[in-house]
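If you read the protein sequences in the order shown, they are chains W and G. Residue numbers for the first sequence follow my numbering, beginning at 567 and rising by one. Residue numbers for the second sequence follow my numbering, beginning at 62 and rising by one. Note that beta-carbon positions come from the ideal geometry of N, C-alpha and C, so glycine has one too. Down below is the structure, laid out as structure tokens.
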Amino acid sequence: MAYTEEELKKELETKEYEYGFYTDIESDTFPKGLSEDIVRAISKKKNEPEWMTEWRLEAFRGWEKMEEPEWANVHYEKPDFQAISYYSAPKAADPNKSLEDVDPDLLEMYRKLGISVDEQKKLQNVAVDIVVDSVSVATTFKKTLAEKGIIFMPISEAIQEHPELVKKYMGTVVPTTDNFYAALNSAVFTDGSFCYIPKGVKCPMELSTYFRINEGGTGQFERTLVIADEGSYVSYLEGCTAPSRDENQLHAAVVELIALDDAEIKYSTVQNWFPGNKEGKGGVYNFVTKRGLCETNSKISWTQVETGSAVTWKYPSCILKGNNSVGEFYSIAVTNNFQQADTGTKMIHLGKNTKSTIISKGISAGKSQNSYRGLVQIGSRAENARNFSQCDSLLMGNECGAHTFPYIEAKNRTAQIEHEATTSKIGEDQIFYCNQRGIDTEKAIALIVNGFSKEVLNKLPMEFAVEAQKLLEISLEGSVG
Amino acid sequence: MLEIKDLHASIEDKKILNGINLKVNAGEVHAIMGPNGSGKSTLASVIAGKEEFEIKKGSLALDGENLEDLDPEERAHKGIFLSFQYPVEIPGVSVTNFMKTAINASRKARGLEDMPANQMLKLIREKSEMLEIDRKFLSRSLNEGFSGGEKKRNEIFQMAMLEPKLAILDETDSGLDIDALRIVANGVNKLRGKDNAIIVITHYQRLLEYIVPDFVHVLHDGKIVKSGSKELALELEEKGYDWIKQEAIV
Chain W
567 MAYTEEELKK ELETKEYEYG FYTDIESDTF PKGLSEDIVR AISKKKNEPE
617 WMTEWRLEAF RGWEKMEEPE WANVHYEKPD FQAISYYSAP KAADPNKSLE
667 DVDPDLLEMY RKLGISVDEQ KKLQNVAVDI VVDSVSVATT FKKTLAEKGI
717 IFMPISEAIQ EHPELVKKYM GTVVPTTDNF YAALNSAVFT DGSFCYIPKG
767 VKCPMELSTY FRINEGGTGQ FERTLVIADE GSYVSYLEGC TAPSRDENQL
817 HAAVVELIAL DDAEIKYSTV QNWFPGNKEG KGGVYNFVTK RGLCETNSKI
867 SWTQVETGSA VTWKYPSCIL KGNNSVGEFY SIAVTNNFQQ ADTGTKMIHL
917 GKNTKSTIIS KGISAGKSQN SYRGLVQIGS RAENARNFSQ CDSLLMGNEC
967 GAHTFPYIEA KNRTAQIEHE ATTSKIGEDQ IFYCNQRGID TEKAIALIVN
1017 GFSKEVLNKL PMEFAVEAQK LLEISLEGSV G
Chain G
62 MLEIKDLHAS IEDKKILNGI NLKVNAGEVH AIMGPNGSGK STLASVIAGK
112 EEFEIKKGSL ALDGENLEDL DPEERAHKGI FLSFQYPVEI PGVSVTNFMK
162 TAINASRKAR GLEDMPANQM LKLIREKSEM LEIDRKFLSR SLNEGFSGGE
212 KKRNEIFQMA MLEPKLAILD ETDSGLDIDA LRIVANGVNK LRGKDNAIIV
262 ITHYQRLLEY IVPDFVHVLH DGKIVKSGSK ELALELEEKG YDWIKQEAIV
């Protein structure tokens, strides 16, 4: 590998990243509880067609018969599903609210992220005109996208404007009865993103959900549907990049990706929900179902950086249905304090010559528990399927845990499956070495963690990578010494 | 520059340093020699501020400022550099990135902005050429899979980049073949100046043929038992440390 002057220069560049992120807006909410009436009410509020209402009701009826899964390596008090409000719409900001009313810890965190006071005000919904801002941003993009025939809009709008596409694809990768949370989401989702890339089109920009969130003021049950038609390409970024202190206890999203023949979807997530406080109180339960379907010669690549949530239950997966299709999963999961994460992927090889790669980096600190759970399944007709999995764990301190649960099911003798796993610990010697070079302990930890995570960080788009690095730093603050 | 007075230090109640007195002025090179377990590396670690060592008595100061209350990184910011006997590996962090982080941390402590990329580039080019370091080497993960010689050369490269006031070279010669030794020693010699000082910790006289010291001290049982000029190193080479040990008992 050459290391050219150019590469050296690149590494030396001090890349400044402009944080342009926003947060949810105070909302008007539905009464608590869940019933067919509530499901109907949500559908009505959204002015949905009859087929959509029926689809939701069917999901709801399925959900009622299901039980919350217990197999994950996480322990938490189950949410009372009748104590949650299932619809919220944005409300105007309270003009009397000032920064003094904001949690000082949160402000400190913003300061460390390098967010200006103005931005902080925006984040705290003190004086909000960002909705206007972001709408205009969105409109500019929309024009460029429309020229290429790309559809990118809130899913609620897509249901109105492109019902044929929504009807054709929604629920085909994650059926309404797939699992408890997916069923719940199908019944009550309030908004989310819809994206369609026409045949042969390479999407000219990274599509990001952040302005979509501002637009819709979406709640806790997001539904995302991305369809890449034959020979198209899209890179999609998802995440609240701000340390969003979501007080909602439950976040159950569904993401479906469909890559038709020769298409490629790259889906990157930086998840930074409120992880709970140092004593383990509060925080978001993040129970997400993400799955992609690959047709012939197509590729889906999931990259995720998980730093938030009190409990994470999430397995972005690929169904490699078409011959020669490729699935990738690159993940960094950080847990600190009392956080619990059970995350990984499923690679289902159905087609011939299908390939999958799994790189998982788990970082545990404090009293947290971090589990990788992955399934590599090779179907009987998947000739010459190949998988490579690598699961590395980094431990900080003596009270945290790292666990790896790899499942392998091969029904075809020609399969080649490799699995590698390592566990290491940040050593005092490493920290002293950095200290001696003038790097303080916190920065040293960040450096070591970033080095550990490099293979995955490299897969993120530049802006996201910079941000993810800062997030790792913040998430692990105070975890050593 | 460095002034150590009656320094006693221990680790987990085990006494290692038993009253060190040492004064190093700007522009000087001091060699500290001594048998295994005499406390050479401990002295280096204590000056650098490694926490596990506890100072029981005495003092150490840099330019008149007491070092005891300073964290290791603060001492580094003041210009203390330790070339480690066993440099640690940091996977995934390139030599370049590590140096950039270190240099900017020290600059920040001095109230300076990050070093501009082109200036850093120039510095890297200059110093890597001086130490005959291949450019590819700089993209590798810090010390990961480095040979013994590469690790030591990398330490001196870092020293060259950071331009410390006081550099302590802890057994920098171990693991080096004769060619690497010459390159490293040349590098160190080029870094000698009237404003900085170097402490060379070594077992053997070999390194001192290349880095010629102004003073030689012999450490035994945590004490400097003999000091002299560079000739003392030759005498030690000839007679071995037993001579010193016996003399110390007498």
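Asked: Backbone secondary structure at Asn936 (chain W) - three-state DSSP; Found: strand
Asked: Reference Lys284 (chain G), options G:Met94, G:Leu63 and G:Ala87, closest by Cα; Found: G:Met94
Asked: Where Ala92 (chain G) sits in the DSSP three-state scheme; Found: strand
Asked: Selection of the segment 107 to 120 of chain G by Cβ proximity to chain W, strictly under 9 angstroms; Found: Ala109, Gly110, Lys111, Glu112 and Glu113
Asked: Own chain residues within Cβ distance below 8 angstroms of Thr103 (chain G), not counting five before or after; Found: Ala70, Ile72, Ile77, Leu78, Phe114 and Gly283
Asked: DSSP three-state assignment for Met913 (chain W), whether helix, strand or coil; Found: strand
Asked: is_contact[Phe1018 (chain W), chain G] using C-beta, thresh 8 angstroms; Found: yes
Asked: Beta-carbon neighbours of Ile77 (chain G), restricted to chain W and to distances below 8 angstroms; Found: Here the premise fails: no neighbours, minimum Cβ distance about 17 angstroms.
Asked: Chain G contact for Gly1004 (chain W) (CB, 8 angstroms cutoff); Found: yes
Asked: Rounded straight-line distance, which links the Cα of Ala825 (chain W) to that of Leu711 (chain W); Found: 19 angstroms
Asked: CB of Arg214 (chain G) within 8 angstroms of CB of Ile194 (chain G), strictly; Found: yes
Asked: Beta bridge counterpart(s) of Thr869 (chain W) as assigned by DSSP; Found: W:Ser834 and W:Tyr896
Asked: Chain W contact for Phe207 (chain G) (CB, 8 angstroms cutoff); Found: no
Asked: Nearest-angstrom beta carbon gap, Arg939 (chain W) and Phe904 (chain W) [assumed within contact, 8 angstroms]; Found: About 20 angstroms; that fails the 8 angstroms criterion.
Asked: Straight-line gap, Gln956 (chain W) to Ser883 (chain W) (C-alpha atoms, nearest Å); Found: 16 angstroms
Asked: Buried or exposed (CB count within 10 angstroms, at least 16 for buried), Tyr1051 (chain W); Found: Nothing can be reported for residue 1051 (chain W), as the shown portion of chain W is limited to 567 through 1047.
Asked: Cβ-based burial, Met962 (chain W) [other Cβ within 10 Å; buried from 16]; Found: buried
Asked: Neighbouring residues, chain G, relative to Tyr896 (chain W) (Cβ below 7 angstroms); Found: Per Cβ cutoff of 7 angstroms: no residues; Tyr896 (chain W) is ~14 angstroms from chain G at best.
Asked: Residue from G:Asp67, G:Gln307, G:Asn86 and G:Asp74 whose Cα sits closest to the Cα of Ile260 (chain G); Found: G:Asn86
Asked: Buried versus exposed, by CB contacts within 10 Å (16 or more), Asn857 (chain W); Found: The question names Asn, but residue 857 (chain W) is Arg in the sequence shown. Looking at its Cβ environment, which holds 16 or more other Cβ atoms inside 10 Å, Arg857 (chain W) is buried.
Asked: Uninterrupted alpha helix (DSSP H) stretches inside the segment 981 to 1039 of chain W (no shorter than 4 residues); Found: 994 to 1002 and 1007 to 1023
Asked: Cα-Cα separation between Leu242 (chain G) and Leu269 (chain G), rounded to whole angstroms; Found: 11 angstroms
Asked: Alpha carbon of Leu689 (chain W) to alpha carbon of Ser897 (chain W), nearest angstrom; Found: For Leu689 (chain W), the predicted structure reports a pLDDT of 42, less than 50, and the residue's modelled location is therefore unreliable. A value from the coordinates is still provided. Leu689 (chain W) and Ser897 (chain W): Cα-Cα distance of roughly 27 angstroms.
Asked: Arg253 (chain G), DSSP secondary structure in three states; Found: coil
Asked: Cβ pair Phe787 (chain W), Ala749 (chain W) closer than 8 angstroms; Found: no
Asked: Buried versus exposed, by CB contacts within 10 Å (16 or more), Lys847 (chain W); Found: exposed
Asked: Amino acids of chain G, ordered along the chain, whose beta-carbon sits closer than 8 angstroms to that of Asn1001 (chain W); Found: Gly110, Asp132, Pro133, Glu134 and Ala137
Asked: Span separating the alpha-carbon of Val605 (chain W) from that of Leu816 (chain W); Found: 17 angstroms
Asked: Cβ-based burial, Phe1030 (chain W) [other Cβ within 10 Å; buried from 16]; Found: buried
Asked: Pair within 8 angstroms by beta-carbon distance, Asn902 (chain W) and Gly945 (chain W); Found: no
Asked: Same chain, Cβ closer than 7 angstroms to Leu1038 (chain W), neighbours up to 5 away in sequence not counted; Found: Thr873, Val900, Ala1012, Val1015, Asn1016 and Ser1019
Asked: Reference Tyr762 (chain W), options W:Asn890, W:Thr909 and W:Gly715, closest by Cα; Found: W:Gly715
Asked: C-alpha gap between Ile983 (chain W) and Ser864 (chain W), whole angstroms; Found: 20 angstroms
Asked: contact_flag[the segment 984 to 1004 of chain W, the segment 115 to 123 of chain G] where n(CB pairs < 8 angstroms) is 3 or more; Found: no
Asked: Distance, Pro225 (chain G) Cα to Val286 (chain G) Cα; Found: 28 angstroms
Asked: Identity of the residue in W:Ile721, W:Glu772 and W:Ile925 nearest Ser759 (chain W) by Cα; Found: W:Ile721
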